[in-house]
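Residue numbers (full-length UniProt numbering), protein chains in the order written: chain A, 1 to 175; chain B, 1 to 329.
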């Protein structure tokens, strides 16, 4: 097992069931036993992630994987192509020959924008959904907000006001 | 937080808390000894190799995990006068790092060696709420290191020469009575860059400090104990234009970053903390981390720190002005 996983590794797996002794039966999503590598992991309060049909989202327009865990762990990283197990060892050698294999800058920008959107929404206390995260990231692009300025006061207020308006409109429609 | 009937005030407060950064439980390794690096394994959440690779890649490509460039600071907020019982106090937040500094002034006796100077002591404590490893005696080493780092930058030599605070201004009666300043720093939340945040907090706290005016009556000179009457109303403010700030440059791979988060600090090979005053003069220097540095690299880091300090002074001044504006309301 140590040839595949180490302590502190990030793993994406679904709970398939409970064993009779209380241990969990996990199923990884067939790429590399579910190990997540090229990206960043954020933690948010767990109640902000609700159970949905899909938690693993492949955002094609950004070539980014966004995983919303019900435990509050949010993974934003490069898209991982489903591969045969035989390719595993080759990939591990690649990771150690470092500099040439850094994430390309465009993908990195998308990852940082989505991650900041998630951080911002969790600070505002909004339930995290993939639609809201993408919407917030796109709003920051259309408002010409720099990636790191997404965590500043102005965009904070803009996002909160946008959501308030959206919910107000929703209430208006119901009536 | 948000209920069904949302009625957001159109004027939200301008000083919103910065969004918290998570995974900060990968607490900064108390820089230096291998023993303390082992202690880091007790933290709640670690970093996988893939994440470390991502952080290093971001620094190499000038796009860090939160979108900052290598020499960009996190959002800086400042509050003054947060401890009413102290003579001066301040809270500084840089991202998720939060520190408090307080200045207390008490009347004391000057030392025999320096009868014309007051005394200043600086002590830093790391609250156990900041990180799990700070519980019990876990923070001793880090607190000692931070205290010494700050003392080196702010207190000058043993004779008090070169100190940021003019110690002669603290004298009340030469040889008999002087002000003792106790500067205390507290780390409330730890997400990297503690030294810079503490130095900024101390600078702001000193700007906020008022030393009561004293009236000295010298009738009892034969006793050796002059009567000192501490005024309740009049206060002397400090001139803090000479107090330096500290800029820490963390070297990761071939590049330096400023204002590192604790995740980024975990990837450092070495770090150089430079204390620079407003005239651009270097007041102190500390190098941490096991990797050796070529002298040319050190000189380069010093000049980068000097340039960055100009921007940091501006940031600190505008944050301080905003804090004063709020306090006046």
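Ideal Cβ positions, reconstructed from N, Cα and C, are used throughout, including at glycine.
*asked:* If we require 4 or more residues per run, which alpha helix (DSSP H) segments fall completely within the segment 133-170 of chain A?
replied: none
*Determine the burial state of residue 53 (chain B): buried for a count of at least 16 other Cβ atoms within 10 Å of its Cβ, exposed for fewer.*
buried
_Assuming the contact rule is C-beta atoms closer than 8 Å, residue 147 (chain B) and residue 122 (chain B) should be a hit. Round their C-beta distance to whole Å, please._
The Cβ separation is near 6 Å, so the contact holds.
*Indicate whether at least one CB of chain A lies closer than 7 Å to the CB of residue 66 (chain B).*
For residue 66 (chain B), a Cβ of chain A is located within less than 7 Å of the residue's own Cβ.
*Confirm, please, whether the CB-CB distance from residue 195 (chain B) to residue 240 (chain B) is below 7 Å.*
no
_Report the start-end ranges of each beta strand (DSSP E) in the segment 193-243 of chain B that is 3 residues or longer and not cut off at the edges._
210-217 and 227-237
*Identify, in the order they occur along the chain, each residue of the same chain with its Cβ nearer than 8 Å to the Cβ of residue 144 (chain A), setting aside the five sequence neighbours on each side.*
none
*asked:* Can you check which of these residues, A:62, A:101 and A:5, is closest to residue 107 (chain A) by C-alpha distance?
replied: A:62
_Residues near residue 97 (chain B) in its chain [Cβ-Cβ closer than 7 Å; skip 5 each side]_ = 189, 190, 191, 192, 193, 194 and 197
*Given that a residue counts as buried once 16 or more other Cβ atoms are within 10 Å of its Cβ, and exposed if not, what is residue 159 (chain A)?*
buried
*asked:* Is there a C-beta anywhere in chain A that falls below 7 Å from the one on residue 28 (chain B)?
replied: Its pLDDT being 34, under 50, residue 28 (chain B) is placed unreliably in this model, and the value from its coordinates should be taken loosely. No - not a single Cβ of chain A is within 7 Å of the one on residue 28 (chain B).
*Going along the segment 133-150 of chain A in order, which residues come within less than 9 Å of chain B, judged by CB to CB distance?*
146, 147, 148, 149 and 150
*Residue interval of the beta strand (DSSP E) (run including residue 93 (chain B))*: 88-94
*What number of angstroms, rounded off, separates the C-alpha of residue 302 (chain B) from the C-alpha of residue 249 (chain B)?*
Rounded to the nearest whole angstrom, the C-alpha separation of residue 302 (chain B) and residue 249 (chain B) is 9 Å.
*asked:* Quick check: is the beta carbon of residue 73 (chain A) nearer than 7 Å to any beta carbon in chain B?
replied: no
*Anticipated Cβ contact below 8 Å, residue 42 (chain A) with residue 74 (chain A), distance rounded*: 5 Å
_If we define contact as Cβ-Cβ less than 7 Å, is residue 107 (chain A) a contact residue for chain B?_
False, the Cβ-Cβ gap to chain B never drops below 7 Å.
*For residue 63 (chain A) and chain B, any beta-carbon pair shorter than 7 Å?*
no
*Rounded to the nearest angstrom, how far is the Cβ of residue 10 (chain A) from that of residue 48 (chain B), given a contact under 8 Å?*
5 Å
*Using 8 Å as the threshold, is the segment 285-293 of chain B in touch with the segment 266-273 of chain B, meaning 3 or more CB pairs across them?*
Yes: the two stretches touch, three or more of their Cβ pairs being nearer than 8 Å.
_Cutting at 7 Å between CB atoms, please list the residues of its own chain near residue 153 (chain B), excluding the five before and the five after it._
199, 244, 246, 275, 283 and 284
_Sub-7 Å separation of residue 86 (chain B) and residue 201 (chain B) beta-carbons_ = For residue 86 (chain B) and residue 201 (chain B), no; Cβs fall outside 7 Å.
*Taking buried to mean at least 16 other C-beta atoms within 10 Å of its own C-beta, is residue 131 (chain A) buried or exposed?*
With fewer than 16 Cβ atoms within 10 Å of its Cβ, residue 131 (chain A) is classed as exposed.
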